[in-house]
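Numbering-wise (full-length UniProt numbering), the sequence shown opens with residue 1 and increments by one.
In this text, a Cβ means the ideal position worked out from N, Cα and C, and glycines have one as well.
Since the structure comes first, as structure tokens, the remarks are kept for the end.
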Amino acid sequence: MRRDLCQLRVFLFLFFSCPSLRLVCLHNSPSFLILPPSSFFFSSRSPSLQLLFCSLYQPFFSPLGGQGRVRPPGEGRGTVRADIHHHLHALLLGLDPPALRQARRGPARQPWISVFNYLDQPLPVRVILEESSEYEVVEDPSLGTGNERTSCLAPQDKVVHTIKIQALALGDVNLTVSAFVDSSIPEACDTTEPVVKRDTLIKPIKVEAEGFPREETWTKYVCAEELAEGKDSMEVWQVAPPEKIVADSARGWVTAVGDLLALSLENLGSLIRMPYGCGEQNMINFAPNIYIMQYLEATRQGTPETTEKLLRFMRTGYQRELLYRRTNGSFSAFGNADDSGSTWLTAFVLKSFAQADPYISGGLADSGTPVPLTAYVLTALIEAGTIPTARIVTDATRCVLSDSSSDPYTVAVKAYALALAKHPEAQTLLQQLIDMAVVEENAMYWETATGSSKSSPLAVETAGYAILAMMTQDPEQYVLNARKVVKWITTKRNGLGGFYSTQDTVVALQAMASYETNTHQGPLDVVATVTAKDFSHAFTVNENNKLLEQLQKLPTFPTDVTVNIEGQGCAVMQAVLRYNIPEPEASDAFALNVTATNDPSGGCVSKRVQACSSYLLPDGKSNMAVIEVNLISGFIPEKEDLKAVVKYNSKVVKRYDVDGSKVSFYIEEFKAGEEVCVSFRISREVEIENTKPGSVVVYDYYQPEFAVSKSYSFPAIDGCTR
């Protein structure tokens, strides 16, 4: 890790001080910098991908015992080696196929239940799919009756049973399957000796409603004393889905926590609903863990379980981020697949790696925004341990001071950078930023260039830098202003503890961790009483459970939610409403056309999906964008087609990712007048009756409110299941 940090510092130092550039303000990407091979984070001359993988990640792996093995060459996906499992189980259950792991509600589906016999004698085996209120068994005489299947399982052999089910609930629906030896079943089995064996498997299927998902949240950081003194108030939350939603898709809940970071701690692996397939997006799985770990250590609230969870996410994020390191030492969204490195991302990685160094071993375009980028790199260098008097810091500070930009985002980043550098001008900039704020009774925020603070990632990031600047400059002097900004920024949290996208989430969490660490909150002991239609619950939040997310489901919609808090201390209250709409709202940012056809040579099995999109806004080009194709239940994509999409459109389509039934294509940028198309085949992996339509979504990663969606379905073919 220290070697990695050293190379990053070398990279940024050379970028700042290279005489041939004659630049300090970082106008362009550092595509010129070439470092020798010895400077690479890891080196491997092995031509074998497996050996390269092992050499990259060997330092981070601990012995797994029976939990996992490296598959030897020649063994395909799904192969099970008897010599590995023989000493573990006489009976071993499997539940497939992958197409069932994420599916739409409604259609009947057929999980494959595999039972393996690792003994040298036959076994009479009974398989039971446990009954549940979350699904029901659909009778099909061709498959058997009820929720049980029996067989005489030959030695060293397997049998596959199928039970047709229909999901009744949304979310993670758990299938519980048991297999055991039952000598009473009618099949004749010449069992040489009595055997008592049993195996049980619980596996979730993520069931989604048809249509397009939407989420609304109401979040409040509230202190009991302020309520009692009339300095704050709790408004009534009107939790009501729109009239035209998909039937029975509305679900909601209320939560209570006693810490600003607790909601994020519960959802470290999924703070935002976006893919993690590029160098910046991966940092959402890395950087937040550092700030939470620092906060828990500073406040002595860490537990062994929480520490291990944070370290696990840190190691995973660190290992994955190394994949986006270029051969010249810089980082970029897609590593060596990009034409040049990204100064901004390299600085982001630098400060994150430096801050993670005690724990583990081992946005804005680069052009056109020189001052915010210089200020950001300055914060990265200082947070990474560079002393404020170093030349690289003083040069960057001089560049920041020479700028007269007055937009709130630039001023906020500059104020934080100069506060870190301990420059006397920091207080002047911070006061300028406060003077630009929109100030309400219990909120402070900034209108940004995107036009509105209502749903702006940039407004959240600006507020985050403002909090960091206040806490770095003088926590006691600015605590009242910081609290107002914290109260505002808390209202923008999503139902997973994050915000809109990667960078605003990372900055906001760092800011809240800094606020919690630098301000004394006093003892916590409050009772938050929540009432709604057909619902009432009292949450007790105190020092012992402040990091625990307490959750209660709301039974009825629409409903008015009221919250009353009594006691001592502050808590975060949140109501979340999720629902699906049959048709998406119109968008003027992107045009989208979707074509779904049957593959002429594929019969009932093979289909083709094509999505074409273009950018419509007058600024001429988008940020990085994503084309997200949600497959119809039971289908999986043809990987060779996905690879071909990237290969033959590599200047625009940088990467693809598959997550369950979702295929995401990363588009470097859309340009006005240019259409980007992705086309690939999908194959039916499992037969599902009465499937619901699939959908395609195109959105700007940094401004997710710029999005367009369309549904699709395939033409009917005589004799084929739909």
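First and last residue of the alpha helix (DSSP H) that includes residue 723? The requested residue 723 does not occur in the structure, where the chain is confined to residues 1 to 722.
Once DSSP output is grouped into helix, strand and coil, what is the label at glutamate 383? Translated into positions along the sequence shown, residue 383 becomes position 383. DSSP, reduced to helix, strand and coil, places glutamate 383 within a helical segment of the structure shown.
Reference leucine 153; option with closest CA among Val137, Val127, Ser142 and Leu170: As a first step, residue 153 is located in the sequence shown; it is residue number 153 there, counting from the start. Distances from the alpha-carbon of leucine 153 to those of Val137, Val127, Ser142 and Leu170 put Val127 closest.
Could you tell me if aspartate 120 is buried or exposed, where buried requires 16 or more neighbouring beta carbons within 10 angstroms of its beta carbon? Within the sequence shown, the letter at position 120 stands for residue 120. Its Cβ having fewer than 16 others within 10 Å, aspartate 120 is exposed.
From which residue to which residue does the alpha helix (DSSP H) around lysine 647 run? Residue 647 sits at position 647 when you count from the first residue of the sequence shown. It spans 639-647 - the alpha helix (DSSP H) in which lysine 647 sits, taken as one unbroken run.
Based on Cα-Cα distance, which residue from Thr397, Leu93, Lys203 and Glu243 lies nearest to proline 424? Translated into positions along the sequence shown, residue 424 becomes position 424. Residue nearest to proline 424 within the set Thr397, Leu93, Lys203 and Glu243 is Thr397 (criterion: CA-CA distance).
From the DSSP output, which residues share a beta bridge with proline 124? On the sequence shown, residue 124 is found 124 positions in, with the first residue counted as 1. DSSP, once it has assigned bridges, lists Cys152 as partnering proline 124.
Methionine 512 to leucine 265, Cα distance in whole Å? Within the sequence shown, residue 512 is the residue found at index 512, counting from 1. Within the sequence shown, residue 265 is the residue found at index 265, counting from 1. Rounded to whole angstroms, the separation of the alpha carbons of leucine 265 and methionine 512 is 13 Å.
Bridge partners - glutamine 610, DSSP secondary structure assignment: Locating residue 610 in the sequence shown gives position 610, counting from the first residue. For glutamine 610, which the question treats as bridged, DSSP gives the partners Thr595 and Ser679.
Under 8 Å between the Cβ atoms of glycine 211 and asparagine 580? The residue labelled residue 211 in the question sits at position 211 within the sequence shown. The residue labelled residue 580 in the question sits at position 580 within the sequence shown. A contact, by the Cβ cut-off of 8 Å.
Kindly indicate which residue of Val676, Ser633, Cys399 and Val658 has the alpha-carbon position closest to the one of serine 650. Locating residue 650 in the sequence shown gives position 650, where the first residue counts as 1. Comparing Cα-Cα distances from serine 650 to each of Val676, Ser633, Cys399 and Val658, the minimum goes to Val676.
Within the same chain, show all residues whose beta-carbon is closer than 7 Å to that of histidine 86, passing over the 5 residues directly before and after it, in chain order. On the sequence shown, residue 86 is found 86 positions in, with the first residue counted as 1. With a pLDDT of 32 at histidine 86, under the threshold of 50, the modelled position of this residue cannot be trusted; read the value that follows with caution. Within the same chain, Cβ atoms closer than 7 Å to the Cβ of histidine 86 are found at Tyr118, the five residues on either side in sequence being excluded.
What do you get for asparagine 282, buried or exposed, if any count of 16 or more other CB atoms within 10 angstroms of its CB means buried? Reading the sequence shown from its first residue, position 282 is the one you call residue 282. Buried, since its Cβ has 16 or more Cβ neighbours within 10 Å.
Which residues does DSSP pair with lysine 621 in a beta bridge? Position 621 of the sequence shown, counted from the first residue, corresponds to residue 621. DSSP, once it has assigned bridges, lists Lys671 as partnering lysine 621.
Give every residue of the same chain whose Cβ lies closer than 8 Å to the Cβ of threonine 217, excluding the five residues on either side of it in the sequence, and list them in chain order. Within the sequence shown, numbered from 1, the residue matching residue 217 stands at position 217. The answer, listed in chain order, is Arg493, Asn494, Gly495, Gln574, Ala575, Val576 and Leu577.
Is it the case that the Cβ atoms of alanine 412 and alanine 419 are separated by a distance below 8 Å? Counted from its first residue, the sequence shown places residue 412 at position 412. Counted from its first residue, the sequence shown places residue 419 at position 419. Going by C-beta atoms, alanine 412 is not nearer than 8 Å to alanine 419.
How many angstroms separate the CA atom of threonine 428 from the CA atom of tyrosine 712? As a first step, residue 428 must be located in the sequence shown, where it is residue number 428. As a first step, residue 712 must be located in the sequence shown, where it is residue number 712. Those two C-alpha atoms are separated by around 56 Å.
Please return the same chain residues whose Cβ sits closer than 6 Å to the Cβ of leucine 129, not counting the five positions on each side in sequence. Translated into the one-based positions of the sequence shown, residue 129 becomes position 129. Contacts found: Asn147, Ile163 and Val177.
Pick out whichever of Gln521, Thr562 and Ala532 has its Cα sitting closest to the Cα of glutamate 543. The sequence position of residue 543 within the sequence shown is 543, counting from 1. Considering only alpha carbons, the answer is Gln521.
By DSSP, does leucine 551 sit in helix, in strand, or in coil? Residue mapping note: residue 551 aligns to position 551 of the sequence shown, counting from 1. In the three-state scheme derived from DSSP, where H, G and I count as helix and E and B as strand, leucine 551 is classed as strand.
Exposed or buried, lysine 220, counting other C-beta atoms within 10 Å across all chains shown (16 or more means buried)? Locating residue 220 in the sequence shown gives position 220, counting from the first residue. It is buried - the Cβ of lysine 220 has at least 16 other Cβ atoms within 10 Å.
May I ask you to report which of helix, strand or coil DSSP gives alanine 707? The residue given as residue 707 occupies position 707 in the sequence shown. If DSSP states are grouped into helix, strand and coil, alanine 707 belongs with the strands.
Is valine 696 near phenylalanine 665, with beta carbons less than 8 Å apart? On the sequence shown, position 696 is the one that residue 696 refers to. On the sequence shown, position 665 is the one that residue 665 refers to. No.
DSSP puts tryptophan 218 in a beta bridge; with which residues? Translated into the one-based positions of the sequence shown, residue 218 becomes position 218. In the DSSP secondary-structure assignment, tryptophan 218 is bridged to Ala575.
Going straight from the alpha carbon of tyrosine 702 to that of cysteine 604, what length do you get? The sequence position of residue 702 within the sequence shown is 702, counting from 1. The sequence position of residue 604 within the sequence shown is 604, counting from 1. For tyrosine 702 and cysteine 604, the distance between alpha carbons rounds to 39 Å.
Status (buried if at least 16 other CB within 10 Å, exposed otherwise) for isoleucine 717: Within the sequence shown, numbered from 1, the residue matching residue 717 stands at position 717. Answer is exposed; the Cβ neighbour count stays below 16.
Do threonine 379 and tyrosine 416 have their C-beta atoms within less than 8 Å of each other? Position 379 of the sequence shown, counting from 1, holds the residue named residue 379. Position 416 of the sequence shown, counting from 1, holds the residue named residue 416. With a cutoff of 8 Å on beta-carbon distance, threonine 379 and tyrosine 416 are scored as near each other.
Nearest-angstrom Cα separation, counted from proline 204 out to threonine 181: Taking the first residue of the sequence shown as 1, we reach residue 181 at position 181. Taking the first residue of the sequence shown as 1, we reach residue 204 at position 204. The question names threonine, but residue 181 in the sequence shown is valine. So the two alpha carbons sit approximately 25 Å from each other.
Counting only the same chain and skipping the five closest in sequence on each side, list residues whose C-beta sits under 7 Å from that of isoleucine 688. Residue numbering aside, residue 688 sits at position 688 when the sequence shown is read from its first letter. If we look at isoleucine 688 and ignore the five residues flanking it on each side, its Cβ neighbours are Pro107, Ala108, Arg109, Ser633 and Gly634.
Going by CA-CA distance only, name the one from Thr145, Pro213, Leu92 and Lys158 that's closest to valine 708. The residue labelled residue 708 in the question sits at position 708 within the sequence shown. Among Thr145, Pro213, Leu92 and Lys158, the Cα nearest to that of valine 708 is on Pro213.
Apart from the five residues just before and just after valine 254, which ones in its own chain have a Cβ nearer than 6 Å to its Cβ? By 1-based counting over the sequence shown, the position of residue 254 is 254. So the qualifying residues of the chain are Val530, Gln552 and Ala575.
Residue range of the unbroken beta strand (DSSP E) whose run includes aspartate 525: Within the sequence shown, the letter at position 525 stands for residue 525. That run of the beta strand (DSSP E) goes 525-532.
State the start and end residues of the unbroken alpha helix (DSSP H) segment that holds lysine 414. If you number the sequence shown from 1, residue 414 lands on position 414. Its alpha helix (DSSP H) spans residues 408-420.
Would asparagine 593 be called buried (16 or more neighbouring beta carbons within 10 Å of its own) or exposed? Taking the first residue of the sequence shown as 1, we reach residue 593 at position 593. Exposed: under 16 other Cβ atoms inside 10 Å.
Helix, strand or coil: how does DSSP classify cysteine 586 here? Sequence index remark: in the sequence shown, residue 586 carries index 586 (1-based). In the sequence under discussion, the amino acid at residue 586 is alanine, which differs from the cysteine named in the question. Coil, per DSSP.
Residue nearest to proline 618 in terms of C-alpha spacing, selected from Thr556, Lys206, Val173 and Gly673: To locate residue 618, count along the sequence shown from 1; it is residue 618. Taking proline 618 as reference, the option from Thr556, Lys206, Val173 and Gly673 with the minimal CA-CA separation is Gly673.
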